[in-house]
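**Q** Before I ask anything, let me first share the structure, which is written out below as structure tokens.
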Amino acid sequence: MSRREHLGEFEQIVLLAILRLGDEAYGVPIRLDIERRTGRSLTVGALYRTLDRLEDKGYVSSAFSNPTAERGGRSRRYFTVKPLGLRTLRASREALTAMWDGLERLVMRGS
Amino acid sequence: MAPNHPFWIRILLRAAALRASEAELGDVMEEFVAGRRTSFWLISQLTSSVRRRRSPLTLSERGAEMLSNVRNDIRYALRTLWRSPGFALAAIVPIALGIGINTGIFSILNSVAWRPLPVPEPDALVSIYQNFRGGPRRMVYGARALFSIPEYRTYRDEAQTLSGLMAYSREWTVTLGREAPQEIQGILVTCNYFDVLKLTPVIGTGFTPVNCGKLDAPPVVVLSHALWNDAFGADPHVLQKPIVLNGREVTVVGIAPAGFDGVDMAKAAFFAPTTTLEVFRPEQTFHENPNVSWVTLMGRRSENATVAQVRAELSLVASRIDQQQAGRATSLIVEPATTLSLPVARQNVLTGASIVMAAFGLVLLIAAANVANILLARAAGRSREIAIRLSVGATRRRLIQQLLTESAIIAVAGAVCGSLLFSWLFQLLVPRLLASLPGGETARVDAIPDLTVFWFAVGLTCLTVLVFGLVPALQASRGNVHSVTKQDAPAATGGRGWLRGSLIGAQVALCMMLLIPAGLLARALYAAHTLDPGFDQHDVAVVSIDLRGPRYEKGNAAIVHDQWLERVRALPGVESVALASRIPLSPGRSQTTLRIGDGEGAAVDMDVNTVSPDFFSLLGMPIVRGRVFTDGEIDAVMVTESTARRYWPGQNPLGRTVTLDNQRRQIVGIVRDAQMSQAPEAVSSYLYLPAMRGTQRRISVLARTRLDFAGFASAVRAETSRLDSNLVVNVQPLAANLGVLQTLSQITAGVAALLSLLALGLAAIGVYGVVSYFVSRRRREVGVRMALGADAGDVQRLFLRQTLRPVAVGMCIGIAVAASAARLLQSVLFGVSPFDPIAFIGAPALMLVIAAAAAFLPTRRAMQVDPMSVLRSE
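Chains as they are written, first to last, in the numbering used here: chain A, 192 to 302; chain B, 102 to 975.
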């Protein structure tokens, strides 16, 4: 690969949530999981903005399920991380780890 | 149980749906319903979705969502149908019948009206006809809209928008071979016929400038592949030895490609240049005559030339021709070439076909109404599920989409099964049907489907889905939340009951529209079988010989004719022989215009028959007044009783005069009325003229014989070939003409009966279904009534009354429509009035009996309701 894109912080968070949820990775659990773990509130619109961007870049793919009555007859959109997304996530993690090297104590202690 | 959302939430969702995707809205709804979220939360989430997009969803985004929706709908519908096979079958079978039958009949029509010709690049071919008024007197062979050879040459030389223009005539009958000659049919063509059609002969050179085009050249011919196989055993040496056509030696210069037998309605066994016209018909010398209509023009468009451009250019040529002939005004008909291209014929066939297709379409409508009823019943059972989905914000449009998908699958399944079945069936039946009609074996008609037929089936399927699926979908998706939460029976007779009742009424009306014409046709069939034509047709044979051809020049023909008549008369067992220009009950009519009295009298049209004096005694037609004319009495005529009554009422018609062809003739005798023509009107004005010797080439004689028919026929053939071995003689019993009429009536009545039975069966099923449904929904009511003292008979009568009301309304409407349409059938209703009372009473009676039976059966089940158990279950 010639030029490698890097992931924004929020994009990494969303990818990680999708990975964690596995087969159950659709809009509602992803949003709730991120809200719970990061403590930030997240609107549906903001989440889908990122999900669409991730799909455009080829990091995730989405598929629709059967419609359900609770959703007023609408389908669920399930997401899976693609190999490219996994590779990019790994690279971002390595870059971050390299930058953090030796600084954990300094940064985490001083808060 | 989901809470009942206030309407403003639904409005918000609908507004948000413009900019937010379905998945986002679904997520918001899911959490809102499950997570006890506040309305404020709902609004802020919706706002975030709407704000993240600056523009409404793009077409491709919507498209992707719609596609996945459709996929899900299809999967869900297939699962539903799979789980209830009884319902699926009950819905698919009527649709299969309806669509299949219509597709079958359309493919027959398509084979002549729209299918491209069986030649390379057929779309570039156009056929050309003309309509003109005025100009010099015109001879017509075939149709007035045809051209003459000199006119053809003008168009051919001047047309730039056509890369080639050829002409061909209608079919001509000639004899093939010397000993035991057989009759074959072929067409005369211009030398570039095969070039314009882009066909090359399988063997031989075909028509070249060397062997074709000159009037006095030795005659040549191209044979069809079929004739080459049948008559010559595919002998490749047929090119070396000349064959004999009409007694003349003709060289074969080519064999047409396999499967090609012309581009018109009749199959051609051979193709000869137009210049050989006089070879086959010495008395027809009009090849260079510019005022004869006898050839059709067909041309191939040049690249980039449109039909409109061709039409415009050729119209200019036409106006140039007009200028050379005083008072003539021509307009051209230029259309893409099909098998049935002659404008008058095409119009007649399409009009007749529309009536037939309308009848078949009625069956489809009845079938669709049946399925609509079934769907309505089913939807009633799902009303709770639908109401819940509506209350949580499912759009009505989405629901309708899901329900319509189910209908679409039923329709597609039915269309595929039905089309395949009936296509195969019709392909089997059509050749058989054609063989039993006169001239049918050489007609280029079949039931083979092509792309046009496929699109017709697709279009018909879409229409059918809308007809039977839309109303149930609309009705079901309306959903009334309040009424379904209580298991109450009155809902069954409320809004939905009205709808299903009127569907039944519609089915019954459509059924009437089919049954009554079928009844009329059946009556016509009966009439045809019991017809008394007014003459004695038994033991009479029709013998015809053909004295056309080069061997029988003017004087020669009369001599041969006399000799032959003598011999036939002398045959043992022959009682009498008579000449007639029109054989009784043969198809077509001969009419002429004459004047009553002297040359200044009123001009009237009459049917005319030129006969020898023995005609009347042979057929047992009594002379009521006066006498029969004698042989050679040129200025004598005879008329029928009704003719005399019409034109000389209250007077003695004997001695009166009429003027025909500028010659005054006297009425010498009145003969009784008889059915001479195939037309249903038994009484028309009829005139008999004495036969003149030697004026006819195609001779038909009637012979009354004591012999059995087969013996007589072989005796005639033997005698004829003893006289002249080249003569072809046809022997038929006179009763055969009536037989053809009966066959036609049989076919028409048979098809109509089949359709009506189908319609009746479908309508009966429909009535049965509706009544069973009502009965099952009103079990509680029945139980209450019976507990209150009503007996079985009362309840039964109540149901019957309510069911038969829409049936009665439908019948009245159906009878009214059938009465107004009966006039259209008049041409096929031989001997029967279009308002025949037996048909108009019998058909409704039959329908009433069947409907009553279909309604009666389910109500009997209702009688077995045990009132106590019903009341207990409350």
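From the three backbone atoms N, C-alpha and C, an ideal C-beta is built for every residue, glycine too.
B:Q833 bridges to which residues according to DSSP?
**A** For B:Q833, which the question treats as bridged, DSSP gives the partners B:V643.
**Q** So, for B:G541: in the same chain, excluding its five sequence neighbours on each side, which residues have a beta-carbon less than 7 Å away from its beta-carbon?
**A** L535.
**Q** Tell me the residue span of the beta strand (DSSP E) that contains B:S822.
**A** From DSSP, B:S822 is part of no beta strand (DSSP E) but of the alpha helix (DSSP H) over F810 to L824.
**Q** Please report whether the beta-carbon of B:E507 lies at a distance below 7 Å from any beta-carbon of chain A.
**A** Not one chain A Cβ lies under 7 Å of B:E507.
**Q** Under 6 Å Cβ to Cβ from A:F205, same chain only, skipping five residues before and after it: list those, please.
**A** First, the residue type needs correcting, since residue 205 of chain A is Val and not Phe in the sequence shown. Excluding positions up to five away in sequence, the list reads T241.
**Q** Less than 7 Å between CB atoms is the rule here; does B:A124 satisfy it with respect to chain A?
**A** Closer than 7 Å to some Cβ of chain A, the Cβ of B:A124 qualifies, so yes.
**Q** Can you confirm whether B:E222, when its beta carbon is compared against all beta carbons of chain A, has any partner nearer than 7 Å?
**A** So, not an interface residue.
**Q** For chain A, check one thing: does any of its Cβ atoms lie closer than 7 Å to the Cβ of B:E132?
**A** B:E132 counts as touching chain A.
**Q** Quick check on A:E215: buried or exposed, where buried means 16 or more other Cβ atoms within 10 Å of its Cβ?
**A** It counts as exposed.
**Q** Pick helix, strand or coil for B:G519, following the three-state DSSP scheme.
**A** B:G519: helix per DSSP, three-state reduction.
**Q** Any Cβ of chain A within less than 7 Å of the Cβ of B:W109?
**A** So no, B:W109 is outside the interface.
**Q** Could you name each continuous alpha helix (DSSP H) segment of 4 residues or more that falls completely within the stretch 462 to 515 of chain B, going from the start of the chain to the end?
**A** Within the stretch 462 to 515 of chain B, the complete alpha helix (DSSP H) runs of at least 4 residues are 484 to 492.
**Q** Is any beta-carbon of chain B found at less than 7 Å from that of A:F270?
**A** Chain B contact via Cβ: absent.
**Q** Beta-carbon of A:T234 versus every beta-carbon of chain B: anything under 7 Å?
**A** By this cut-off, A:T234 is an interface position.
**Q** Can you pull the chain B neighbours of A:A208, defined as C-beta to C-beta under 8 Å?
**A** Neighbours of A:A208 on chain B: none; closest Cβ ~14 Å, over 8 Å.
**Q** Which residues in chain A have a C-beta closer than 9 Å to the C-beta of B:A135? List them in chain order.
**A** By Cβ distance, chain A contributes V219 and E261.
**Q** Considering only the alpha carbon of each residue, which of B:P959, B:Q576 and B:S394 lies closest to B:L476?
**A** For the residues B:P959, B:Q576 and B:S394, the minimum Cα distance to B:L476 belongs to B:Q576.
**Q** Mind listing which residues of the stretch 400 to 415 of chain B have their C-beta closer than 8 Å to chain A's C-betas, in chain order?
**A** So the list is empty, because no residue satisfies the distance condition.
**Q** Does B:Q502 have its Cβ less than 7 Å from a Cβ in chain A?
**A** No - not a single Cβ of chain A is within 7 Å of the one on B:Q502.
**Q** Using beta carbons (cut-off 7 Å, strictly below), is A:F201 in contact with chain B?
**A** No, its Cβ sits nowhere closer than 7 Å to a Cβ of chain B.
**Q** Start and end of the beta strand (DSSP E) containing B:Q231?
**A** Its beta strand (DSSP E) spans residues L226 to R234.
**Q** Which residue wins for smallest C-alpha separation from B:S718, given the options B:S416, B:A446 and B:E676?
**A** Taking only the C-alpha atoms, the option nearest B:S718 is B:E676.
**Q** Hey, out of B:G894, B:A659 and B:S122, whose CA is closest to B:R153's CA?
**A** Ranking the options by Cα distance to B:R153, first place goes to B:S122.
**Q** Does chain A have any CB closer than 7 Å to the CB of B:N173?
**A** It does: the Cβ of B:N173 has a partner Cβ on chain A nearer than 7 Å.
**Q** Cβ atoms of B:A952 and B:V908: under 7 Å apart, would you say?
**A** The answer is yes: Cβ separation under 7 Å.
**Q** Distance, Cα to Cα, A:L245 vs A:P274?
**A** Approximately 13 Å between the Cα atoms of the pair.
**Q** Evaluate contact between the stretch 697 to 717 of chain B and the stretch 830 to 849 of chain B, counting only Cβ atoms and requiring at least three cross-stretch pairs below 8 Å.
**A** No, the stretch 697 to 717 of chain B is not in contact with the stretch 830 to 849 of chain B.
**Q** Measure the C-alpha to C-alpha separation of B:S140 and B:A459 and round it to an integer number of angstroms.
**A** Cα to Cα, B:S140 sits roughly 58 Å from B:A459.
**Q** Would you grab the beta carbon distance between A:Y250 and A:G276 for me? Rounded to a whole angstrom, and I think it's under 8 Å.
**A** That pair is a contact at about 3 Å.
**Q** For B:Y269, does the three-state DSSP call read helix, strand or coil?
**A** Three-state DSSP puts B:Y269 in a strand.
**Q** Does the distance from the CB of B:P282 to the CB of B:T274 come in under 7 Å?
**A** No, they are not a contact pair.
**Q** Given that A:P159 touches chain B, what residues does it touch there, using C-beta distances under 7 Å?
**A** Here chain A has residues from 192 to 302 only, and residue 159 of chain A is not among them.
**Q** Do you know whose CA, among B:P959, B:I771, B:R163 and B:I144, lies nearest B:L119's CA?
**A** Nearest C-alpha to B:L119: B:R163.
**Q** Assign B:T586 to one of three DSSP states: helix, strand, or coil.
**A** Note on B:T586: pLDDT 41, under 50, position unreliable in the model; the coordinate value appears next. Note: B:T586 maps to helix in three-state DSSP.
**Q** Quick one: residues in its chain with C-beta nearer than 6 Å to the C-beta of A:I221, no 5 flanking neighbours on either side, listed in chain order?
**A** Excluding residues within five positions, the ones whose Cβ falls inside 6 Å are A208.
**Q** For A:Y250, would you say it is in contact with chain B, using Cβ-to-Cβ distances shorter than 7 Å as the test?
**A** A:Y250 does not count as touching chain B.
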